[in-house]
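The sequence shown begins at 0 in numbering that gives the first Met the number 0 and counts up one residue at a time. All C-beta atoms, glycine included, are put in the ideal place defined by N, C-alpha and C. No experiment lies behind these values; they were computed from the predicted model shown.
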Amino acid sequence: MTTTVPEPTARPRPLGVAMIGYAFMGKAHSAAWRTVGSHFDVPAIARRVVVGRNAEQAADAAARYGWEGSSTDWREAIRRDDVDIVDICTPGYLHAEIAIEALKAGKHVLVEKPLANTIAEGTDMVAAAAAATARGIQSMVGFNYRRVPALAHARSLIADGRLGAIRQLRVAYLQDWLSDPGAPMTWRLRRETAGSGALGDIASHALDQVQFLTGQEVTEVSGRLRTFVEQRPGAGGPEPVTVDDAAWITAELSGGAVATVEASRMATGVKNGLHIEVFGERGALRFDLENLNELEFMEASGPVTEQGFRRILVTGPGHPYLEGWWPPGHIIGWEHTFTHQLRDFLTSIRTGEPPQPSFEAGLQIQRVLAAVEESAAARSAVVRVGSPAHAQP
Numbered sequence: 000m001t002t003t004v005p006e007p008t009a010r011p012r013p014l015g016v017a018m019i020g021y022a023f024m025g026k027a028h029s030a031a032w033r034t035v036g037s038h039f040d041v042p043a044i045a046r047r048v049v050v051g052r053n054a055e056q057a058a059d060a061a062a063r064y065g066w067e068g069s070s071t072d073w074r075e076a077i078r079r080d081d082v083d084i085v086d087i088c089t090p091g092y093l094h095a096e097i098a099i100e101a102l103k104a105g106k107h108v109l110v111e112k113p114l115a116n117t118i119a120e121g122t123d124m125v126a127a128a129a130a131a132t133a134r135g136i137q138s139m140v141g142f143n144y145r146r147v148p149a150l151a152h153a154r155s156l157i158a159d160g161r162l163g164a165i166r167q168l169r170v171a172y173l174q175d176w177l178s179d180p181g182a183p184m185t186w187r188l189r190r191e192t193a194g195s196g197a198l199g200d201i202a203s204h205a206l207d208q209v210q211f212l213t214g215q216e217v218t219e220v221s222g223r224l225r226t227f228v229e230q231r232p233g234a235g236g237p238e239p240v241t242v243d244d245a246a247w248i249t250a251e252l253s254g255g256a257v258a259t260v261e262a263s264r265m266a267t268g269v270k271n272g273l274h275i276e277v278f279g280e281r282g283a284l285r286f287d288l289e290n291l292n293e294l295e296f297m298e299a300s301g302p303v304t305e306q307g308f309r310r311i312l313v314t315g316p317g318h319p320y321l322e323g324w325w326p327p328g329h330i331i332g333w334e335h336t337f338t339h340q341l342r343d344f345l346t347s348i349r350t351g352e353p354p355q356p357s358f359e360a361g362l363q364i365q366r367v368l369a370a371v372e373e374s375a376a377a378r379s380a381v382v383r384v385g386s387p388a389h390a391q392p
């Protein structure tokens, strides 16, 4: 008797990835591209090329982070037939041009937050994304803190009504890497490259969490901005700092809640503290990024003598994203949020379902940032988000 061995099924070609930028975010994204397929059921990927302006540094990054090759020409990388996904980790002033060209070339695009440096750039990116979506091409903004399991769980608790109507939120994103006046000049301190300072860099994360957790949009703001150190040591001597060091925002939300948001890169002693408190009519939540596996939850429905915050260790079965990792109690870290981000993005490419946050969601945050700047310029005047006064830069 002859047994016929079936021909092996041909595997689809892996999705080729080009990463534009190789510094801090490039390192974080590279680790995620390396691990996502080991922990989640996603389409196979191949890390084709990392792109940077300095050929030697780009080649070194490719070797260290496990990419097949490097380039100094992002346009050439986008045109490659073996590249299907473009991951943009550059300073904000480059986001729009690269993303729009990649989308027109039929590449899926992931771009780091904030979406762009201006509303005009963001609007062009949204239009390009809409045209690409009609052709089955996906695009997403990288607000990675949406992928912290504890915060994803908090969103579910709020959506399920466990806190009742949300009344107020307090969010503070504090860092201290600029607290030393002698800290050197960087592209993040120049308006032409960064767009804004702490406002766009970390307050954008805080504002996205306000909207993500509540399901409400920021409709009006009152803000203050401050630059504490107005000059920094540059390569050719002192250079002016043209962005803010810190921001304070009061925001009205579409569902009636009020949020207060503080962001600073001058908070001496705080390395990377995103502190979130959500207060509803029937309960409350507390979260601290420096303790990201835990969520504090309080329900006011029980006896007064038994009320109080309880600790939830968000590492167990049924918690968001934990199916890909370790047994309960085996904690995960900051870098895993980028792996979860890619898991969701690659799943969207497979299913055709639009990923979140979309470019449109990124543009909404851009409108809020512009409204805060307008308010700060008018000494904290209340500004409606999307008002004609800041519709263009």
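Taking the beta carbon of Gln391 as the centre, do at least 16 other beta carbons fall within 10 Å, making it buried, or is it exposed? Counted from its first residue, the sequence shown places residue 391 at position 392. In this prediction, Gln391 scores a pLDDT of 42, lower than 50, which makes its location untrustworthy; the coordinate-derived value is nonetheless stated afterwards. Exposed: under 16 other Cβ atoms inside 10 Å.
Strand pairing of Ala262, partner residues [DSSP]: Within the sequence shown, residue 262 is the residue found at index 263, counting from 1. Paired residues: Tyr172 and Ala246.
To the nearest angstrom, report how far apart Thr314 and His38 are at their CA atoms. In the sequence shown, counting from the first residue as 1, residue 314 sits at position 315. In the sequence shown, counting from the first residue as 1, residue 38 sits at position 39. Near 15 Å, if we compare the C-alpha coordinates of His38 and Thr314.
What is the rounded straight-line gap between the Cα of Phe142 and the Cα of Pro180? Taking the sequence shown and counting its residues from 1, one reaches residue 142 at position 143. Taking the sequence shown and counting its residues from 1, one reaches residue 180 at position 181. Rounded to whole angstroms, Phe142 to Pro180 spans 29 Å at the Cα level.
heavy atom of the ligand FMN below 7 Å from Tyr21 C-beta: This structure lacks the ligand FMN, and indeed carries no ligand of any kind.
When you compare each of Pro11, Pro42 and Ala58 to Met18 by their alpha carbons, which one comes out closest? Here residue 18 is taken as the residue at index 19 of the sequence shown, counted from 1. When each option's Cα is compared against that of Met18, the closest is Ala58.
Please identify the residue among Gly65, Ala54 and Ala27 whose C-alpha is closest to the C-alpha of Ile44. Here residue 44 is taken as the residue at index 45 of the sequence shown, counted from 1. Minimum Cα distance to Ile44 is reached at Gly65.
Report back the beta-carbon spacing between Ala153 and Arg145 to the nearest angstrom; my notes put them in contact at under 8 Å. One-based indexing of the sequence shown puts residue 153 at position 154. One-based indexing of the sequence shown puts residue 145 at position 146. 11 Å between Cβ atoms; not a contact.
For the putative contact between Arg225 and Asp244, defined by C-beta atoms under 8 Å, what is the C-beta separation to the nearest angstrom? Looking up residue 225 in the sequence shown gives position 226. Looking up residue 244 in the sequence shown gives position 245. Between Asp244 and Arg225 the Cβ distance is about 6 Å, and since that is below 8 Å, they are a contact.
Do Ala205 and Val242 come within 8 Å of each other at the CB atom, strictly closer than that value? What you label residue 242 is simply residue 243 of the sequence shown in a count that begins at 1. What you label residue 205 is simply residue 206 of the sequence shown in a count that begins at 1. No. Outside cutoff.
Could you check what DSSP says for Ser138 in three-state terms: helix, strand or coil? The residue given as residue 138 occupies position 139 in the sequence shown. The answer is strand: DSSP assigns Ser138 an E or B state.
With 16 as the cutoff for other CB atoms within 10 Å, does His329 come out buried or exposed? The residue given as residue 329 occupies position 330 in the sequence shown. Flag for His329 reads exposed.
Give every residue of the same chain whose Cβ lies closer than 8 Å to the Cβ of Ile157, excluding the five residues on either side of it in the sequence, and list them in chain order. In the sequence shown, the residue the question calls residue 157 occupies position 158. Excluding residues within five positions, the ones whose Cβ falls inside 8 Å are Ile165, Leu212, Thr213, Gly214, Val277, Gly279 and Leu284.
When DSSP builds the beta bridges, which residues end up paired with Gln230? If you number the sequence shown from 1, residue 230 lands on position 231. Answer is Pro239.
With a CB to CB cut of under 6 Å and the five nearest residues on each side skipped, what residues in its chain are close to Ala54? Along the sequence shown, one-based indexing puts residue 54 at 55. The residues are Thr71.
Backbone secondary structure at Ile330 - three-state DSSP: By one-based count along the sequence shown, residue 330 stands at place 331. Residue state, collapsed to three classes: coil.
Identify whether Ser69 lies in helix, strand or coil by the three-state DSSP scheme. Locating residue 69 in the sequence shown gives position 70, where the first residue counts as 1. Strand, per DSSP.
Enumerate in chain order the residues of its own chain whose CB-to-CB distance from Pro13 is below 8 Å, with the five nearest sequence positions on each side excluded. Counting from one through the sequence shown, the residue named residue 13 turns up at place 14. Pro42, Ala43, Ile44 and Ala45, listed in sequence order.
Under three-state DSSP, which class holds Thr122? Along the sequence shown, one-based indexing puts residue 122 at 123. Residue state, collapsed to three classes: helix.
Reduced DSSP category for Glu96 - H, G, I as helix; E, B as strand; rest coil: If you number the sequence shown from 1, residue 96 lands on position 97. Glu96 falls in the helix class under three-state DSSP.
Closest to Val82 by C-alpha separation, out of Pro113, Arg52 and Leu102, would be which residue? On the sequence shown, residue 82 is found 83 positions in, with the first residue counted as 1. For the residues Pro113, Arg52 and Leu102, the minimum Cα distance to Val82 belongs to Leu102.
I need the DSSP call for Glu296, collapsed to helix, strand or coil. For the purposes of this step, residue 296 is taken as residue 297 along the sequence shown, with counting starting at 1. Correcting the residue type first, residue 296 is Phe in the shown sequence and not Glu. Phe296 falls in the strand class under three-state DSSP.
With distances taken from CA atoms, which of Leu162, Glu216, Ser178 and Ile136 is nearest Arg298? As a first step, residue 298 must be located in the sequence shown, where it is residue number 299. At residue 298 the sequence reads Glu, which differs from the Arg that was named. Per the Cα distances, Leu162.
Does Glu111 pass the burial test, meaning 16 or more other C-beta atoms within 10 Å, or should it be called exposed? What you label residue 111 is simply residue 112 of the sequence shown in a count that begins at 1. Buried, since its Cβ has 16 or more Cβ neighbours within 10 Å.
Please go through the same chain and pick out, in chain order, the residues whose beta-carbon is closer than 7 Å to the beta-carbon of Pro319, but skip the five residues on each side of it. For the purposes of this step, residue 319 is identified with residue 320 of the sequence shown, where counting begins at 1. Pro148, Ala151 and His152.
With distance defined between alpha-carbon atoms, name the residue in Glu359, Gly199, Thr267 and Phe337 nearest to Ala246. The count along the sequence shown starts at 1 and reaches residue 246 at position 247. If we check each option's Cα against that of Ala246, Gly199 comes out closest.
C-alpha distance - Tyr92 paired with Arg190, whole-angstrom precision: Position 93 of the sequence shown holds residue 92. Position 191 of the sequence shown holds residue 190. Whole-angstrom Cα-Cα distance: 9 Å.
Taking all protein chains shown into account, do 16 or more other C-beta atoms lie within 10 angstroms of the C-beta of Trp32, making it buried, or fewer, making it exposed? Against the sequence shown, residue 32 aligns to sequence position 33. Flag for Trp32 reads buried.
CB contact below 8 Å: Gly272 versus chain B: This model lacks chain B altogether; it includes just one protein chain.
How many angstroms separate the CA atom of Ala370 from the CA atom of Asp207? Numbered from 1 along the sequence shown, position 371 holds the residue referred to as residue 370. Numbered from 1 along the sequence shown, position 208 holds the residue referred to as residue 207. About 15 Å.
Bounding residues of the alpha helix (DSSP H) (the contiguous stretch that carries His318): What you label residue 318 is simply residue 319 of the sequence shown in a count that begins at 1. Careful: His318 lies outside any alpha helix (DSSP H) and carries neither H nor E.
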